[in-house]
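Structure first, commentary second.
Now the structure itself:
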């Protein structure tokens, strides 16, 4: 495949709208976790820490919507903890411009590697870089930065706990992928009856 064709296929796949099953219960669960984290942080610690915790809970909820074979609680925890670490390290190094730029370069490079490993990790890592540029402006001291990082991590923990306590369609993505793979195999078998050299689409089987 030539570079031009590869770029065209990439652009086409990026602009294509995927028709997927709506998940209102999962969306409600994520919104409930976000509201719980923001409300608790606002009452106990004030608006600054509430803003940080909101970022943690929001990114954790977004991570659970990605297509991944890893358990959703794990995605929520990884998202919250990684953003917490990014926030604390970013604030500590923010006083030194050169050090912060080096950190930003390393974080961006790691985000690129995460994209190479898979879209789910890429989204989490890229969001860390973008949100870190906001969350590091909220603390006023190292101790305050640790508190912000802790609440960001708690936002991910809350989302993970809600997923465990209120599961919705356990292994739903895996079952859907397996059903699509079996349907593709059946369709290929039917077409072989009329065309011995019929092409086979390996994507559903690869996804499963």
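Residue numbers (the numbering used here): 13 to 220.
We put the beta carbon where it would ideally sit given N, CA and C, even for glycine.
Checklist entry - Cα separation between residue 101 and residue 92? => result If you draw a straight line from the Cα of residue 101 to the Cα of residue 92, it comes to about 14 Å.
Item to check | Whole-Å CB distance - residue 37 paired with residue 170, under 8 Å assumed | outcome: Separation of the CB atoms of residue 37 and residue 170 is rounded to 17 Å, and the pair is thereby denied contact status at 8 Å.
Next on the checklist: Here's the rule I'm using: 16 or more other beta-carbon atoms within 10 Å means buried, otherwise exposed. How should residue 108 be labelled?
Outcome noted: Counting Cβ neighbours within 10 Å, residue 108 comes out exposed, since fewer than 16 surround it.
Checklist entry - Quick one: what does DSSP say residue 90 is sitting in, helix, strand or coil? => result Residue state, collapsed to three classes: helix.
Item to check | Inter-residue spacing [alpha-carbon to alpha-carbon] between residue 56 and residue 89 | outcome: Those two C-alpha atoms are separated by around 22 Å.
Checklist entry - Going by the CB atoms, is the gap between residue 167 and residue 65 shorter than 9 Å? => result The Cβ atoms of residue 65 and residue 167 lie closer than 9 Å to each other.
Checklist entry - Distance, Cα to Cα, residue 70 vs residue 149? => result Between residue 70 and residue 149, the C-alpha separation is close to 18 Å.
Next on the checklist: Among 146, 74, 210 and 132, whose alpha-carbon lies nearest the alpha-carbon of residue 106?
Outcome noted: Sorting 146, 74, 210 and 132 by C-alpha distance to the C-alpha of residue 106 places 146 at the top.
Next on the checklist: Spatial neighbours of residue 44 within its chain, please: C-beta separation below 8 Å, excluding the five flanking residues on both sides.
Outcome noted: For residue 44, where only same-chain residues beyond five positions count, the Cβ hits under 8 Å are 174.
Checklist entry - How is the alpha helix (DSSP H) around residue 133 delimited, first residue to last? => result Run containing residue 133: 131-147, per the alpha helix (DSSP H) assignment.
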